[in-house]
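Asker: What follows is a single structure, and I will ask about it in a moment.
Residue numbers (this note's numbering): 1 to 504.
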């Protein structure tokens, strides 16, 4: 992949871009800077390229949110789109557990719930920095992470293990060090989803979730980690599509009370405020693209985000939704609904951020010893583990051969043995068939009062299905590093240092 070191030539050639740049821009050019559109590096079809070219050259969009691709595809995509004339684009990624969330061959790191069990927070700051360095090498400027939602509802369909846990202090502490690591690497971090999506039972991609709390309750709990990151200069905050009627009768996305009065005013946040994707049904189902865009701007957002991962939906966003949004914004300015001076202020802020962006790194991160260390540090023990010399292994819904790992550690594995090692995945989020199979196995073992130790490669919310008298090792995720760490713990080679990130 060719390297690029000229992303910000605009900045270098126009040292006073913050002022003369806005003064010299047309209204259409200024409004375009508010928009962050989806771009998919894995799509190499002419149709997608033409859509993006039109959005940049005719509609003057200011940013791209990168979707699926490989490192090579993503790097080539960024180079190609940044080489076009005009203002440099703000390159954005939604990489909550590192770029591997979007880039298939990027370095893989644990998810937030796993990190919620890790007690050495210096490792999390190191992870944030490594993630930032990989993004900076590709030319990505803003990561829509960390998630600072406190997952107080175990049945939350959309946050779940994207959260660090259900403690406001622990969530804040972990989000803060990851944020510091990313920003130390020269990548902007974004706290989301303001004012807190953890106590919901509806996915805002599908419908608008309601939260039945007043402001005092929200301030004490949900806002706590946001305030912690704001106080330590997080660069960006993303809002959520939520309805909190005891605070405002408008959804947060279009609520001046939430965005301007509370986030800007009471929390004192002066950085960039970005919407969640404005094409999500939670906000878009009952509103036109124009209504959503104008409402989000009037609420106080600097950046209006659009995103999807399905090709036809992306096409619809690029060809219909974004042009409709920009047309409505322009009309709102002409009619005096939006003051052009306020557009200027938002665009000045965006351009100021662009002028301060760190130049791309020429050093490609190739490997890291940190991910296996994090999985080992997260390993959590419930109860007293037996000293295993022999065991039988029962696996439900998982394909990796755990018995092989135990044999490698010197534990003899037989079809029948005094101790049963039951290996489970995420029962809570499994298909009905797999969930029923797992629960049937557990019921039979309880019925016959077998000696059981459970190894759980899923979220700790699955503990509700496991008898409290059974010892458990939690590896949190179905990944090789977690499996190896769990086998080492059962063999007595390592201790489990992690702590449960949720109440149990």
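Where a beta carbon is used, it is the ideal one built from N, C-alpha and C, also for glycine. In this text the structure is predicted, and so the values were computed from the model without any measurement.
In angstroms with no decimal places, state the Cα-to-Cα distance between residue 410 and residue 503.
Answerer: Near 34 angstroms, if we compare the C-alpha coordinates of residue 503 and residue 410.
Asker: So what's residue 459 in DSSP terms, helix, strand or just coil?
Answerer: In the structure shown, residue 459 sits in coil (DSSP, three-state: anything other than H, G, I, E or B).
Asker: In the DSSP output, what is residue 192 paired with across the bridge?
Answerer: In DSSP, residue 192 forms a bridge with 147.
Asker: Can you check whether the CB of residue 93 is closer than 8 angstroms to the CB of residue 61?
Answerer: Not closer than 8 angstroms, so no.
Asker: Using three-state DSSP, classify residue 169 as helix, strand or coil.
Answerer: If DSSP states are grouped into helix, strand and coil, residue 169 belongs with the helices.
Asker: What's the C-alpha gap between residue 146 and residue 96?
Answerer: Approximately 6 angstroms between the Cα atoms of the pair.
Asker: Using only the alpha-carbon positions, how far apart do residue 19 and residue 270 sit?
Answerer: Interpretation of residue 19 is limited by its pLDDT of 40, a score under 50 that renders its predicted location unreliable; the figure taken from the coordinates is listed afterwards. Using only the alpha carbons, I get a separation of about 19 angstroms.
Asker: Taking buried to mean at least 16 other C-beta atoms within 10 Å of its own C-beta, is residue 276 buried or exposed?
Answerer: Buried, since its Cβ has 16 or more Cβ neighbours within 10 Å.
Asker: Who are residue 419's beta bridge partners in DSSP?
Answerer: Answer is 451, bridged to residue 419.
Asker: Under the assumption that residue 457 contacts residue 424 (Cβ atoms under 8 angstroms), give the Cβ distance between them as a whole number of angstroms.
Answerer: Indeed they touch by this definition, with Cβ atoms about 7 angstroms apart.
Asker: From this set, 81, 257 and 72, which residue's C-alpha is nearest residue 50's C-alpha?
Answerer: Among 81, 257 and 72, the Cα nearest to that of residue 50 belongs to 81.
Asker: Between residue 41 and residue 77, which are expected to be in contact by the criterion C-beta below 8 angstroms, what is the C-beta distance as a whole number of angstroms?
Answerer: Yes, they are in contact, since the Cβ atoms of residue 41 and residue 77 sit about 4 angstroms apart, within 8 angstroms.
Asker: How is residue 216 classed by DSSP in three states: helix, strand or coil?
Answerer: Residue 216: helix per DSSP, three-state reduction.
Asker: What's the C-alpha gap between residue 267 and residue 135?
Answerer: Residue 267 and residue 135: Cα-Cα distance of roughly 29 angstroms.
Asker: Rounded to a whole number of angstroms, what is the C-alpha to C-alpha distance between residue 115 and residue 164?
Answerer: Taking the straight line joining both Cα atoms gives about 6 angstroms.
Asker: Label residue 133 either buried or exposed according to how many other C-beta atoms from any shown protein chain fall within 10 Å of its C-beta, with 16 as the threshold for buried.
Answerer: Buried: at least 16 other Cβ atoms inside 10 Å.
Asker: Using a Cβ-Cβ cutoff of less than 8 angstroms, which residues in the same chain neighbour residue 349 once the five nearest sequence positions on both sides are dropped?
Answerer: Here the set comprises 272 and 302.
Asker: Is the stretch 171–189 in contact with the stretch 476–484, if contact means three or more CB pairs nearer than 8 angstroms?
Answerer: The stretch 171–189 is not in contact with the stretch 476–484.
Asker: Using C-beta distances below 6 angstroms, list every residue in its chain close to residue 279, excluding the 5 sequence neighbours before and after it, in chain order.
Answerer: The residues are 306, 317 and 321.
Asker: Just to confirm my understanding: we take residue 206, look at its own chain, exclude 5 residues before and 5 after, and list those with CB closer than 8 angstroms. What are they?
Answerer: Excluding sequence neighbours, residue 206 sits near 281 and 282.
Asker: Can the beta-carbon of residue 225 be found closer than 8 angstroms to that of residue 148?
Answerer: Against a cut-off of 8 angstroms, the Cβ pair of residue 148 and residue 225 comes out as a contact.
Asker: I'd like the span of the beta strand (DSSP E) that includes residue 395, first residue to last.
Answerer: That run of the beta strand (DSSP E) goes 390–396.
Asker: Could you name each continuous beta strand (DSSP E) segment of 3 residues or more that falls completely within the stretch 201–252, going from the start of the chain to the end?
Answerer: Runs of the beta strand (DSSP E) inside the stretch 201–252: 236–239.
Asker: Counting pairs of Cβ atoms below 8 angstroms between the stretch 391–408 and the stretch 351–363, do you hit three or more?
Answerer: Flag = no, the stretch 391–408 and the stretch 351–363 do not touch.
Asker: If we ignore side chains and look at the alpha-carbon of each, how far apart do residue 55 and residue 31 end up?
Answerer: Their backbone Cα atoms lie some 12 angstroms apart in a straight line.
Asker: What are the residues that DSSP puts in a beta bridge with residue 37?
Answerer: Looking at the DSSP assignment, residue 37 forms a beta bridge with 64.
Asker: Tell me the rounded alpha-carbon separation between residue 526 and residue 416.
Answerer: In the structure as shown, the chain starts at 1 and stops at 504, and residue 526 therefore has no counterpart that could be examined.
Asker: Does residue 501 pass the burial test, meaning 16 or more other C-beta atoms within 10 Å, or should it be called exposed?
Answerer: By the 10 Å Cβ count, residue 501 comes out buried.
Asker: Per the DSSP calculation, residue 318 is bridged to which residue(s)?
Answerer: Answer is none; residue 318 lacks a bridge partner.
Asker: Mapping the DSSP letters down to three states, classify residue 357 as helix, strand or coil.
Answerer: In the structure shown, residue 357 sits in coil (DSSP, three-state: anything other than H, G, I, E or B).
Asker: Near residue 365, which residues of its chain fall below 7 angstroms by C-beta distance, leaving aside the five closest residues on each side in sequence?
Answerer: So the list reads 107, 130, 133, 134 and 137, once near-sequence residues are dropped.
Asker: Please report how far the alpha carbon of residue 468 lies from the alpha carbon of residue 240, in whole angstroms.
Answerer: Computed Cα separation, rounded: 37 angstroms.
Asker: How many Å lie between residue 493 and residue 406 at the Cα?
Answerer: Whole-angstrom Cα-Cα distance: 12 angstroms.
Asker: For the beta strand (DSSP E) containing residue 31, name the first residue and the last one.
Answerer: That residue, residue 31, is in no beta strand (DSSP E); its alpha helix (DSSP H) goes 27–32.
Asker: With DSSP run on the structure shown, which of helix, strand or coil describes residue 132?
Answerer: Reduced to three states, the DSSP call for residue 132 is helix.
Asker: Which residues mark the beginning and the end of the beta strand (DSSP E) in which residue 93 is found?
Answerer: Unbroken beta strand (DSSP E) run through residue 93: 90–93.
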